[in-house]
Every structure is written in C-alpha cells, then in structure tokens.
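This report refers to the structure that appears directly beneath it.
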Amino acid sequence: MASPHIALLKLTSIFIVIASAPELCGSSKTFTLVNYCKETIWPGITRSDNHSGDGFALKSGQSTVYTAPDGWSGRIWARTGCNFDNNGNGKCQTGGCGTSRNCTVPGSPPATSADFTLGEPDFYDVSLVDGFNLPIVVKAINGTGNCSTVGCDGDLRQNCPSELASKDNDKVIACRSACDVFNTDEYCCRGTYGNPATCLASNYSKFSNKCALQHIVLHLMTQQV
C-alpha cells in the first residue's frame, strides 16, 4: 500500500481516511486514518452488524490502520475534546457516543462523518447531515474506477452562523445542522419537502462553499432525503 503521507501534505487541520485496495475499488478493505489536526482526536467507528465497537486516541500527526471485514458497512468520524478514565468511561465535547470510549452507536451531532458501504462496487461519502465538527477527506488509492477523493477540507466553524454554532467557553467547537436546530419540515426535508424537487438548498447551506472537494452529502447543514 502506498504511503498515506502522499495525500494532501499541505493540509494542517484535517482528518483523512484513506481506503486502500490491492486491485479494485470493490475490494477495498483497509483504512488508514491520519490526523493532520493540531489537536488529539478520538476516531469513532461503527458498523451495521453486531459489533462491540472501536475507540482510541489519535494524536496530531499520528496514523493508524483499520481493517474492515468483508461486506463492511459503517461510519468513521472524529470525536474532539474527549476525556476518558482507565475503564474507557467519559465524554467528548463533540461526536461523543454516550459515555464510552468504544462506540457501538453513531456519534452525537454535530459531527462530520465518512460513511461507507463496501461491496461490488463500493460506496462512500462525507456527510454534513449531522452537522460539522472537523474537516474530513476520504481518499481511495490502489483502486480503479471512479474512486474520487471526497470530503470537506475547509473549516466551516470559522463561518458558522451564530444560531447554528455550538460553543465551549465562547469558542465555536462545531456547527449544528439547521434541521437539528429548528426541526422543521423545510430544513429536515420531510413532509411536503421530502423529495429532491422541494428539498432545496437553504441560506444555511450556502456558507459551506468553503468545502472545496465534491461529493459531500447535501444539503449541507440541512437534512438529506
């Protein structure tokens, strides 16, 4: 597998998930998680099957490898501001999955997530449906086909509307989705807004232009149908 450090070396505040396959995109099984953020993060990994969960600290500049089982379907995201005791009990400022270091459920919003379904072919995206806490990029290597680099490489916290901002000591630590804040059919794309023709981008999704990469689950900061 090629070195993960060929991926976007200039980035200094981003969490990168690199999916590696020996031959085809459809056989991707290995994920290299790289923390280019200045702070320690605690990646969360959940699966669609009955799995005990994974959770660990990843310091700035560190990387680790996660090997997914055949037919894996799950989510990877970064938790921030976590504090756990020796028994793995504690909490996080963003993205926490209850009071456990090991996640068996998805993280609490707001949190950026990378979602995967491995098969023939593989599907993956970076989602802001549950809000934003850190930039995340997914890069596929050693594969063929349309295995694009996807994600959000900009820090949306810097431009987060005040009514969506999640703060700690007056510092914006995450940006909530409009659906999470207002819980209306329009922002949550449900009811009469529950189809692509009526679920339109809102003013809260337009500030997300700082995300330069494509294939982000839209509507950014609203709900996906």
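With mature numbering (1 follows the signal peptide of the UniProt record, and there is no 0) applied, the sequence shown covers -19 to -1, 1 to 206.
Every residue, glycine too, gets a C-beta built ideally from N, C-alpha and C.
For V131, the closest of V15, R157, A95, A155 by C-alpha to C-alpha distance is A95. Taking 8 Å as the cut-off, the beta carbon of F37 is found closer than this to the beta carbon of P24. By the 16-neighbour rule on beta-carbons within 10 angstroms, P177 is exposed. When C-alpha distances from F163 are compared across T179, I154, K148, S183, the shortest belongs to S183. Around the CB of V(-3), 16 or more other CB atoms lie within 10 Å, so the residue is classed as buried. Counted as a single uninterrupted DSSP element, the alpha helix (DSSP H) harbouring C160 occupies residues 159 to 163. Per the coordinates, the alpha-carbon of D103 lies some 10 Å from the alpha-carbon of S54. When Y105, A159, I117, N67 are compared, the shortest CA-CA separation from I22 is found for I117. Just so you know, the alpha carbons of S129 and A59 end up roughly 21 Å apart. At a Cβ-Cβ threshold of 8 Å, T61 and G42 do not count as neighbours. A buried status is given to D111, since no fewer than 16 other beta-carbon atoms sit within 10 Å of its beta-carbon. Straight through space, the alpha carbons of E144 and V153 are spaced by roughly 11 Å. For D149, the pairing in a beta bridge is given by DSSP as K152. For the options G79, V119, G126, C192, the alpha carbon positioned closest to that of N140 is the one of C192.
Sequence-distant partners of T27 (beyond 5 residues in either direction) whose C-beta falls short of 6 Å from its own C-beta, in its chain, are G55, R56, C84, P87. In this structure, T80 keeps its C-beta atom at 8 Å or more from the C-beta atom of N114.
Pairing P91 with A159 gives a Cβ-Cβ distance that is not under 8 Å. Judged by their CB atoms, C133 and L109 are nearer to each other than the 8 Å cut-off.
Annotation for Y168: the continuous alpha helix (DSSP H) segment containing it runs 166 to 169. Here N70 is actually not in contact with L39; their C-beta atoms are around 19 Å apart, not less than 8 Å.
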